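So the protein lines, in turn, are chains A and B. Going by my numbering, the first residue of the first sequence is number 2, and it counts up by one from there. Going by my numbering, the first residue of the second sequence is number 2, and it counts up by one from there.
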Amino acid sequence: MGKRLGRLIGVFPLSFILFFYMVPVFYLLIRSISFESLNRTLSLRVLPNVIYFTIYQAVMTTIVCVVIGTIFGYILARSNIYFNKTLSAAIIVPFLMPPISMIIGFVVLFGSNGLIVQILGLSQPLFSVFRNPLAIIMAHSLYNIPLVTRLVCNSFQTESLAHHEVADTFSKSRLTKLKLITIPHIRSTVMASALLTFLYSFNSFAIVLLLGQVRYQTIEVLIYSRVALLLDFQTAFALSLLQIIFNTIFIIIYLFITRRQQEIVSFTYFVPRYTIWKRVGSTLIMILFVIVLWSPIIATLHQFIYLFTTATEGEQLRLVSGAYLNVLGTSPIRVILNSIFLGFSTALLAVFLSLSIMFAIPRGKSYEAFSSYFLILPMVTSTVTLGVAILISYGFWRLFTQNIWIFLLVSHCLAALPFTSRALLNAWRELSSKLLEVANIYSNSNIKILKDVVFPLLKSAILVSFLFAFAISLGEFGTSFLIARGEWVTLAVAIGRLFTTQSSLLPTFFALLLSLVSFLVFFIIERFAQLELKI
Amino acid sequence: MKNQRNFSFLLVSIILLLTVFSPTPTTADNDIKLTIYTYDSLLADPGYDFIGNFSEFAGIDRDEIRLVLLSDSGSVLSRAVLEKNSPQADVLIGIDNAMVHTARANDVLTAYESPNLEFLREGLVEGLAPDHLLTPYDYGVISLWYDKNRFEGFEDFTISDLLDSDIQKQVILQDPRMSSPGLGFMLWTLAELGFDTESGDPTDEWKEFWIDINDDILLTNSWGDAINLFFTPEADRSIMVSYTSSPAYGACLFGDYSTESVISSVSDEMKGWFQIEGLGLVKDAPNQNMGKKFIDWFVSEELQSQIYQNQWMYPARDNIEIPACYSDSTLSPDEIEAYNPMITPNHIENHLNLWLDEWEFYWTYDGDDLPNTDQIISAHVSFIGLIILALIPKIYKKRKSW
Chain A
2 MGKRLGRLIG VFPLSFILFF YMVPVFYLLI RSISFESLNR TLSLRVLPNV
52 IYFTIYQAVM TTIVCVVIGT IFGYILARSN IYFNKTLSAA IIVPFLMPPI
102 SMIIGFVVLF GSNGLIVQIL GLSQPLFSVF RNPLAIIMAH SLYNIPLVTR
152 LVCNSFQTES LAHHEVADTF SKSRLTKLKL ITIPHIRSTV MASALLTFLY
202 SFNSFAIVLL LGQVRYQTIE VLIYSRVALL LDFQTAFALS LLQIIFNTIF
252 IIIYLFITRR QQEIVSFTYF VPRYTIWKRV GSTLIMILFV IVLWSPIIAT
302 LHQFIYLFTT ATEGEQLRLV SGAYLNVLGT SPIRVILNSI FLGFSTALLA
352 VFLSLSIMFA IPRGKSYEAF SSYFLILPMV TSTVTLGVAI LISYGFWRLF
402 TQNIWIFLLV SHCLAALPFT SRALLNAWRE LSSKLLEVAN IYSNSNIKIL
452 KDVVFPLLKS AILVSFLFAF AISLGEFGTS FLIARGEWVT LAVAIGRLFT
502 TQSSLLPTFF ALLLSLVSFL VFFIIERFAQ LELKI
Chain B
2 MKNQRNFSFL LVSIILLLTV FSPTPTTADN DIKLTIYTYD SLLADPGYDF
52 IGNFSEFAGI DRDEIRLVLL SDSGSVLSRA VLEKNSPQAD VLIGIDNAMV
102 HTARANDVLT AYESPNLEFL REGLVEGLAP DHLLTPYDYG VISLWYDKNR
152 FEGFEDFTIS DLLDSDIQKQ VILQDPRMSS PGLGFMLWTL AELGFDTESG
202 DPTDEWKEFW IDINDDILLT NSWGDAINLF FTPEADRSIM VSYTSSPAYG
252 ACLFGDYSTE SVISSVSDEM KGWFQIEGLG LVKDAPNQNM GKKFIDWFVS
302 EELQSQIYQN QWMYPARDNI EIPACYSDST LSPDEIEAYN PMITPNHIEN
352 HLNLWLDEWE FYWTYDGDDL PNTDQIISAH VSFIGLIILA LIPKIYKKRK
402 SW
């Protein structure tokens, strides 16, 4: 790819990020740095409690996830269990579910008429699902444990055989080996996964908004309530600034840890031997673990089948009729069409921009390092903050207010871009430079090289990026819940709107639909390539 | 080669899918002659087709009217504010005498003086918007509405009766930040438990009241959500914040007199917070003339006669005959002394944000007693200090290794 052409192509992603991300966020920051807004925010009575709860629930979730994830990651990596690949794939599925589907599953499982109450024949639920910090931490943990388990498992699996052989030569005890070999090896991965879990929980919106019910709020929920309920933009701007500062610190630490992590990978792996009974026992434990992680999805499926089979024909027909118009603002069919349309459009746009980034960045370590920081930028702002930034910057443009889908598409694409660009950049980095040089010698046409050499080799990375962006768009909740209006309601937003009503058939149906699509996407990704879980 | 063909096929399929699935609006924007934003329970039960009837009245097709139903009146206003620079709506319905100040402060409405104002009940225009930013269409008195079969009732009720935890477990309240009856209830508690008229600071009694009730009372986003739960036996909630007119719902439709509403009884006088709901013309609305026509029609006899038995409130128009089932089942608003003069429009304008902040704080407060501000600050300073202390050795170590 010629340098000039590369730079030309780079204009697209750069303009996109500049126009739809940098300018709105910069504008928001400028507006937040005023004495009035800072004073108003600092005088908010609820602020210390909200900051405290945001950190508290994120820390507790992280502790729970790291402890459980490390234990099961160890069993998965070291016990030589049967069906290792299948179980390993099954573990990660809940993490890929949109949070809103997880909430429906969680309520259906633990709620007052939930599956647990029915199975155990209880008169009341084990704990209150709403307005209970324990429920929020549990929901976050169920969501993030798969991530930690899978990352830590990968780290355990890459432990150096040579180190263990040396230790065995000197007859070192298992405790010494754990202290001197295993812990130093997995430490950075555990820290990175802990930080990721912390980051996801810290910025959590849907789970806290719907389960916390005002009583428990995170900074993200507070920003939402200030903008959408109280029209208090000044405070929302200042809170967004606070959120951005926190996130920037976390992401810098995360990038620092993961960069170190890349330097200490070894190539001969340590695989301990286990007796058949230990293998069977460990396999059973892992199956049970997978069932627990999948329980919200199983409960949603069970609830939908139960509700659908016991519903009258009229109630069943309401799934496709306009009976929910009052709540949704449109028909359920239109909601599904909106999601498919936005999903595909987001995927196309995100892949196009990621490919442009890939071609525009010269191959070289320093450029790649810069790009990884630059592309991760959208993650610094939470989804609600991003929604606020876009609304205040471009909300006055008639083009956008009359075509709200453009806002939705842009915000979904910004959420997907860090993942899609990273997947494609990694694949691009793995492409041999020599191969491209040889291709350049034999052909003068860039298009021919792209068509015959580059695209066939990057095909699976493009597919993974496309599907991942599709799944992210489908589950995106924060920005969409804030800005969706009129007929442009997505599946995730519809579930949010239906959540507080007494109708449970449609939200369960939507949640199941989202879960199934996410599962399908994951299945295809795993079929073609390894899923990149990190950012 | 085969792979490339597959890839091209996939790409073409996606583009085709996008074209097929691209949702198109049912009516083109240019054909819309009126856009209305309101809450979803407006005239909804058993239901009066105000869009169909207005379209007949105005001689336009009903498809040319876009009705946007939102969950609550707070959302109606916030949507309009977010679109202020490029208004989409022509008329907002459901802004009440507590929210009108927010609408005024955000400059989203324009004054319109309907020729039908002379037919409205005295005091409503002054109580809602003397500057005619809103035109009143109904009013009601905030009350606690309960099912007599599931709850024995109150004797000489005052707000403090809610401190009983058994009663709290029966109550559904709406979020005052989102719902107008919820906000009305909060103002009722302020009027009864008190606040400093200068600074707006609520009394300790008010603060303790919210701390006491925040565990067991169920909070919903909107009146619609609350009524869904009220009529769901599994939810086991037999009292909700509603209006004194609400018992008429069962009485008029089903001959069911099993519900009752209660307001404060202070020194042998019934006292309550009057909520006046209005509709207003959006500033720079695309269809101003049709919007004005709609407002006039909304306070006409044709629509106002539907308020009693579809909106379950009192119509703003004076000459609408009250149904007998209302007289049998509800407290007459004429016998209720309004709390409204205690919380003047000026107070609301100056202190509403403070009151909502305070409400949010005490509603989310975990402790049993009033919090001591110094204690909160010192706890947070120590927490941050601990984090910094934990980080210092790490940073120091890092610097050494650099």
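Even glycine gets a Cβ: it sits at the ideal position worked out from N, Cα and C. Model, not experiment: these values are computed from the prediction.
Item                                                                                                                       : Value
Sequence-distant residues of its chain with Cβ nearer than 8 angstroms to Leu71(B) (five each side left out)               : Tyr38, Thr39, Tyr40, Asp41, Val77 and Arg80
Coil, strand or helix - Lys272(B) by DSSP                                                                                  : strand
Beta-carbon proximity list for Trp406(A), same chain, < 6 angstroms, skipping 5 on both sides                              : Trp489
Proximity below 8 angstroms, CB of Leu232(A) to CB of Thr103(B)                                                            : yes
Option in Leu148(A), Pro419(A) and Leu242(A) with minimal Cα separation from Phe587(A)                                     : Because residue 587(A) is not part of the residues shown, which for chain A are 2 to 536, the question remains open.
Per DSSP, the bridge partner or partners of Met241(B)                                                                      : Trp146(B) and Ile173(B)
Separation of Phe152(B) from Pro248(B), as counted between CA atoms                                                        : 14 angstroms
Per-residue DSSP class, three states only, for Arg318(B)                                                                   : strand
Under 7 angstroms by beta carbon: chain A residues contacting Val283(B)                                                    : Residues of chain A passing the Cβ test: none, with the nearest at roughly 13 angstroms.
C-beta neighbour in chain B for Leu45(A), strict 8 angstroms                                                               : yes
For Ile137(A) and Gly213(A), believed in contact at Cβ under 8 angstroms, the rounded distance                             : 6 angstroms
Neighbour list for Arg178(B) in chain A, Cβ cutoff strictly below 7 angstroms                                              : Ser226, Leu230 and Leu231
Those residues which DSSP pairs with Gly281(B) across a bridge                                                             : Leu93(B)
Candidates Ile349(B), Asp329(B), Ala106(B) and Ala59(B): closest to Cys253(B) by CA position                               : Asp329(B)
Residues near Pro316(B) in its chain [Cβ-Cβ closer than 7 angstroms; skip 5 each side]                                     : Asp139, Gln305, Ile308 and Tyr309
Partner residues on chain A for Leu357(B), Cβ-Cβ distance less than 8 angstroms                                            : Leu231
Any chain A beta carbon closer than 8 angstroms to Phe231(B)                                                               : no
N-terminal and C-terminal residue of the alpha helix (DSSP H) that Thr365(B) is part of                                    : Pro346 to Thr365
Test: Val82(B) CB closer than 8 angstroms to a CB of chain A                                                               : yes
Beta-carbon separation (whole angstroms), His251(A) vs Leu196(A), contact threshold 8 angstroms                            : One detail in the question is off: residue 251(A) reads as Phe in this sequence, not His. About 6 angstroms separates the two Cβ atoms, so the contact holds.
For Ala339(B), the residue or residues it bridges with in DSSP                                                             : Gly273(B)
Per-residue contacts from Gln304(A) into chain B (C-beta, under 9 angstroms)                                               : In chain order: nothing, as chain B lies at least about 15 angstroms away.
When Tyr113(B), Thr36(B), Leu134(B) and Gly183(B) are compared against Leu357(B), the one with the closest alpha-carbon    : Gly183(B)
Glu361(B) at chain A interface by Cβ criterion, 8 angstroms                                                                : yes
Beta-carbon proximity check, Ile391(A) vs Ser412(A), cutoff 8 angstroms                                                    : yes
Cβ-based burial, Ile337(A) [other Cβ within 10 Å; buried from 16]                                                          : buried
CB contact check: Leu212(A) to chain B, cutoff 8 angstroms                                                                 : no
For Ser161(A), the three-state DSSP class (helix, strand or coil)                                                          : strand
Beta-carbon neighbours of Gly396(A), restricted to chain B and to distances below 9 angstroms                              : Leu83, Glu84, Lys85, Asn86 and Ser87
Under 8 angstroms from the C-beta of Trp364(B): neighbouring residues of chain A                                           : Val215 and Arg216
Buried or exposed by the 16-neighbour rule on C-beta atoms within 10 Å, applied to Arg227(A)                               : buried
Coil, strand or helix - Ile37(B) by DSSP                                                                                   : strand
Own chain partners of Met314(B) with C-beta closer than 8 angstroms, once the 5 adjacent residues on each side are dropped : Asp139, Tyr140, Gly141, Tyr244, Ser246, Glu278 and Ile308
As assigned by DSSP and simplified to three states, the class of Thr27(B)                                                  : Low per-residue confidence applies at Thr27(B): pLDDT is 45, beneath 50, and the placement is therefore not dependable, though the value from the model is reported in the following sentence. The answer is coil: DSSP assigns Thr27(B) none of H, G, I, E or B.
Phe51(B) versus Asp297(B): straight-line alpha-carbon distance, rounded                                                    : 13 angstroms
Exposure of Ser102(A), with buried meaning 16 or more beta-carbon neighbours within 10 Å                                   : buried
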